[in-house]
Structure formats: structure tokens, C-alpha cells
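Structure first, commentary second.
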Ligand code: BGC
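In UniProt numbering, the protein residues as written are 1 to 536.
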């Protein structure tokens, strides 16, 4: 049974008891992370499919490119479109989902996303031409947009507070598993010389959508959404199921009171429309500033260049003379899976800011090494080996830092009234940049266009350098703070000093009146223990 202490307005200490987290309750909360598999698999499978001979033959047209199979290959613009149209769909899906989730509920929005996605999968599996494949990926992408934007919201609303960070990082872990599964399946079907080579990897996506949709159908709706809609009995029932307690138990009543008090407090202080996301001017704690931060975080995550490896790795490795490109691609995805769980611990131990700064430094070093060795010693065995080894180290850095870090932060920086929309906008930004990078990359590396070969890593190295600067100057440390404290921290300090910031009531004998008032009003208990030791 977990206990924690909080200060009351009178400065005393009050113990509150949180419902014990049962294994069943934990699994219920963590289940939605399964949506990450959908996200990862869907964005990853196309990489291998594009490199398949049968696919080139079926979807291609006459070409002299050395990548062609039997003189057939899709055109560069077709490749760009096939890869990036998914992200275009997800971009719009994520934006729309911000409103739908407030309207019909979080769970229902995710289920609707799975249904839309399934329609897209049918078109993809049925396709034998780019003309049908592209709309299939666009529609599937729209569904994924719903799923990816709302899952973080759903998970953070149903999770017990203590596990929120780890559960969101669990979502990123599932993304990496999805990517790995895609590459294993691609590897298994790549030599088939009939349509099952690409139809199997495409069709399998549907299974994940069914599991997620049916699973969520059996799970409760977010209690916070019920509170928003004034359906308090439903909220109590939902909390009871999630915490493994009777709906009329004291645990449930306590947590529900906290939700209701929070909601009422927020509604008194803030409106929650789309326009409100862009209000407040440029002061550090304004909604506008937070939305820009969330969107920029996701943009910079894409500019680390990670999806160059995951979307185009198989085709790129071949162009620089690596024979078993599929195998290398599987290795990179396996490194991605194995490195992500490290973040479950590091994100709480070192904080979000440090992780992003050092992660980007690690990545940029790897990228410049690959670029320099690959340019100086082009086509050599040593350059090939260097590419493989440093790509793996690069992925290690991404997976243990920016991968989960960007998602965890967007779940923490928004005040609750605009949280659904803020997370949706940030997720849409992820997909927008995902689209842009997916679209322009072939033009940078294809033989007939930029033909940059390993030099492309100079670009990713430069953008990762920008990530270091961005994280250093603009990303605040949110570790160990409640949402109310994040508000105060953003008002009182700069991102660079944010890790040292402590709530006023922990600084000597001052009383942090507003924070305590908030605590009183909302019953929300600041998780201060992480920062107390830094107060000195
Ligand atoms: C990113 C994806 C990327 C994946 C790789 C996610 O956090 O948003 O674009 O493909 O990580 O693991």
C-alpha cells in the first residue's frame, strides 16, 4: 500500500492513502500502450516492403536505377508519397482527435481510430498499384492519428499517479516493438515472389488494430472524461474498475473528489477551446508558449533523423554497399527495443532535460562519425562497418532519451483544460515533420537526385546539434513536480535553472500560499520528494 505526505495550508503534514495498485489494475492501465505497437508497426513495415523484389515488379515502371528489379522500380516521387502519405493522414487525424476525444470520450475516439484504420488496411491489402496504396495509407494514417494522439491522454488519465511516467515510456517501448515486428515480418516474406510478400505485412496491421479496439471496448472510459461530462456515477464505476475497488469504496471516493475538485478549479480559471491554446502571450507559462514547446519538442524529435533509419534504412544500406540490408535493419530495430526500457529508470533519475541534452550530444557524435568516415573512405568495408556500429549506438541514444522523452514531456507541460488539444497539436507536429522528412529524404539520397550517400549524416548531425541547443535553452525540467508546480516553475524560472527550482513552501520557512491553496482546493498532492534533496 502506497503512502505519501503532503503539506496542508496550515503547514502540517497529512497522510493520504492511495488505493493499492493491483496487478489487474496496472495491466488495465498499461493495456492502451499496446497502441504503440500499431504506431510502430505501421510506420515501420513500409521500409522493408519498398525493398522487396516482388513489390518493385508489381508497383514499378521501367527504370535504369541499380535498385530496379528486372528493370522495374517505382519512381522517386512514388516512393516519397507511399512513405509519407501515412504521416499526412496521421497529422490530420491527430488534430481532429483533439476535439473528438473531448466530445465522445477518449476510449471511444481510440476505438473509432481503429475502425478507420481497418478501412485503410483493406485498401492497402487490395492494392496492386500506387493509386490504391496511397489512399489506403492516407486513411490508415488518419486512424493512427486518432490512436496516437489520444492514447497518451487516456493513459495519463487512467494511470495511478505514481506510474504515469513509466506508463507513457511504456507506450514508446511498444512503438519500438511494433517497429521490430514489422522488420521481422518483412524479413520473413521478402523472398516470396507473389503478392503475399507485401500483403502479409500489410494485413497483419489489422490484427493489432482489432486487439486494441476490442481490448479498449472492454476497458472503462476515462474517469476524468466522465467528470468533465458531469457523469459522476460513471466516473466512480470507472475508477473502481481501474483500481480494483468497489465503486463506493473510500479509495475511489477520495480519488474522485480530487478529480472533481481539480476539474472545478480549472474550469474557474481557464477556458478550454482551441483558441485558448494560443492565448497568454509569450510569457514562459502561457498556453501559447507551452503549445509551441510541445510542438517544437516533437518537431526536434523528428529532426534527430531517427526515421531515416527506420523508414529508409533497408534501401539506404544497400546503396552504400551493405549486402544484407534487411538484417542490419532488424538489428537496428532490436537495439531500439532493448535500449528503450533504460529510460524507465533514467527519466526519473536524471530528469527529462538532461536526457534530451546528453541524448542529442550522443546522437550527433555518431552521425558526424558516420558522415566523415563514409565520405573519406566511401564504399570501403571499414566505412560499412562504421555505418552499422555507429547507427546502432545512435539508435541506443535515441531510444533511451528523445524517443520516450518527447512523449513524456508533452504529457506534462499542458495545464489540464487544454491538455487534450495540446497533446493533439504536439502529436500532429510529430506527424507533420515525420511527413516532411519522409518526403524529402529520397530526394537527398536517391542516385538520380541528391545521391548524398553517407554525407546525408552531415545533415542529421547538424539537426541534432540544433536539438542540443533547443533542449539546453528551451526545455524545462518537469521531473517530480505536480501540474500546479509546473505552472509555478514556468512562471518563476528559466528552463536552464528549472532543475534547481523548488516549490516555495520547501524553501526555508516560507509558505507557498498559492500552491498550498491549490493543494487545498484540489486535494492534489505534489510529489515533492524528488526535488526536496536538491533544495539545499
Ligand atoms: C517517434 C517515431 C519513431 C520511433 C522510433 C517515436 O518516438 O515519434 O517517429 O519512429 O520513436 O522508435
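Ideal Cβ positions, reconstructed from N, Cα and C, are used throughout, including at glycine.
Please go through the same chain and pick out, in chain order, the residues whose beta-carbon is closer than 7 Å to the beta-carbon of residue 431, but skip the five residues on each side of it.
Once the five neighbours on either side are set aside, the close Cβ partners of residue 431 are 87, 90, 91, 94 and 145.
- Message: Do residue 265 and residue 47 have their beta-carbon atoms positioned less than 7 Å apart in this structure?
- Response: With contacts defined by Cβ atoms closer than 7 Å, residue 47 and residue 265 do not form a contacting pair.
Next on the checklist: Helix, strand or coil for residue 69? Go by DSSP, reduced to three states.
Outcome noted: Note: residue 69 maps to strand in three-state DSSP.
Alpha carbon of residue 326 to alpha carbon of residue 372, nearest angstrom = Using only the alpha carbons, I get a separation of about 24 Å.
May I ask which residues mark the beginning and end of the alpha helix (DSSP H) holding residue 373?
Element bounds for residue 373: 352–376.
- Compute the minimum distance between the beta carbon of residue 176 and the heavy atoms of the ligand BGC, and state whether it is under 6 Å. Indeed, a heavy atom of the ligand BGC lies less than 6 Å from the Cβ.
| What is the rounded straight-line gap between the Cα of residue 101 and the Cα of residue 70? | Rounded to the nearest whole angstrom, the C-alpha separation of residue 101 and residue 70 is 49 Å.
Item checked: Sequence-distant residues of the same chain with beta carbon closer than 7 Å to residue 384, five excluded per side -> For residue 384, where only same-chain residues beyond five positions count, the Cβ hits under 7 Å are 320, 321 and 322.
Alpha carbons only, please: which of 393, 261 and 210 is nearest the one belonging to residue 228? Of the candidates 393, 261 and 210, the residue whose Cα lies closest to the Cα of residue 228 is 261.
Self-check item: Through-space distance from residue 23 to residue 315, alpha-carbon basis
Solution: Their backbone Cα atoms lie some 43 Å apart in a straight line.
Note to self: Within the continuous alpha helix (DSSP H) that includes residue 277, where are the two ends?
What the structure shows: Taken as a continuous stretch (DSSP letters only), residue 277 belongs to no alpha helix (DSSP H), as it is neither H nor E.
For residue 244, collect the residues of the same chain with a Cβ closer than 7 Å to its Cβ; drop the 5 residues on either side in sequence, then sort them by chain order. Cβ neighbours of residue 244 beyond the five flanking positions: 22, 24 and 25.
Q. When we look at the beta-carbon of residue 278 and count the other beta-carbons within 10 Å, is it buried (16 or more) or exposed?
A. With fewer than 16 other Cβ atoms within 10 Å, it is exposed.
- Query: Can you give the Cα-Cα distance for residue 20 and residue 358, rounded to whole angstroms?
  - Reply: Approximately 36 Å, taken between the alpha carbons.
Check your understanding: Applying the criterion that 16 or more other CB atoms from any shown protein chain within 10 Å of the CB defines a buried residue, is residue 424 buried or exposed?
Key -> Classification for residue 424: buried.
>> In this structure, how does DSSP classify residue 20 when only helix, strand and coil are distinguished?
In response: Judged by DSSP in its simplified three-state form, residue 20 adopts coil rather than helix or strand.
Can you give the Cα-Cα distance for residue 84 and residue 438, rounded to whole angstroms? Their Cα atoms are separated by approximately 5 Å.
ask   = Just to check, is the beta-carbon of residue 307 closer than 6 Å to a non-hydrogen atom of the ligand BGC?
value = Yes.
Collapsed DSSP secondary structure at residue 284 in the structure displayed: Coil.
The ligand BGC and residue 403: does the residue's C-beta get closer than 6 Å to at least one heavy atom of that ligand?
Annotation for residue 403 indicates a beta carbon within 6 Å of some heavy atom of the ligand BGC.
Let me check you understand the geometry: is the CB of residue 430 closer than 6 Å to at least one non-hydrogen atom of the ligand BGC? Remark: the C-beta of residue 430 is in contact range of the ligand BGC, defined as less than 6 Å to any heavy atom.
- Message: Would you say the beta carbon of residue 435 is closer than 6 Å to some non-hydrogen atom of the ligand BGC?
- Response: Checking the Cβ of residue 435 against the ligand BGC gives no.
Q.
Closest to residue 221 by C-alpha separation, out of 106, 149 and 413, would be which residue?
A. Shortest Cα-Cα distance from residue 221 to any of 106, 149 and 413 involves 106.
When DSSP labels each residue in this structure, what does residue 195 get in the three-state scheme?
-> Residue 195: coil per DSSP, three-state reduction.
What is the residue span of the alpha helix (DSSP H) that residue 220 lies within? For residue 220, there is no enclosing alpha helix (DSSP H), as DSSP gives it neither H nor E.
When we look at the beta-carbon of residue 198 and count the other beta-carbons within 10 Å, is it buried (16 or more) or exposed?
-> In this structure residue 198 is buried. Its beta-carbon is surrounded by 16 or more other beta-carbon atoms within 10 angstroms.
Using DSSP's beta-bridge definition, name the partner residues of residue 62. Among the bridge pairs identified by DSSP, residue 62 is matched with 72.
- Query: For the alpha helix (DSSP H) that residue 124 lies in, which residues bound it at each end?
  - Reply: Counting along the chain, the alpha helix (DSSP H) containing residue 124 begins and ends at 106–126.
Chain-order list of residues whose beta-carbon lies under 8 Å from that of residue 318 (same chain, five-residue window excluded): Here the set comprises 51, 67 and 325.
Worksheet entry | Among 55, 499 and 150, the one whose alpha carbon lies nearest that of residue 127 | When only C-alpha atoms are compared, the closest one is 55.
Should residue 310 be listed as close to the ligand BGC, given that the test is whether its C-beta is under 6 Å from any heavy atom?
-> Checking every heavy atom of the ligand BGC against the Cβ of residue 310, one is found closer than 6 Å.
Quiz item: Cα-Cα, which of 299, 170 and 38 is closest to residue 339?
Solution: Comparing Cα-Cα distances from residue 339 to each of 299, 170 and 38, the minimum goes to 170.
*Using the Cα positions of residue 6 and residue 309, report the straight-line distance between them to the nearest angstrom.*
Bear in mind that a pLDDT of 34 at residue 6, under 50, signals an unreliable position, so the model cannot answer this.
- Message: Does residue 349 pass the burial test, meaning 16 or more other C-beta atoms within 10 Å, or should it be called exposed?
- Response: Using a 10 angstroms sphere on the CB of residue 349, the tally of other CB atoms stays under 16, which defines it as exposed.
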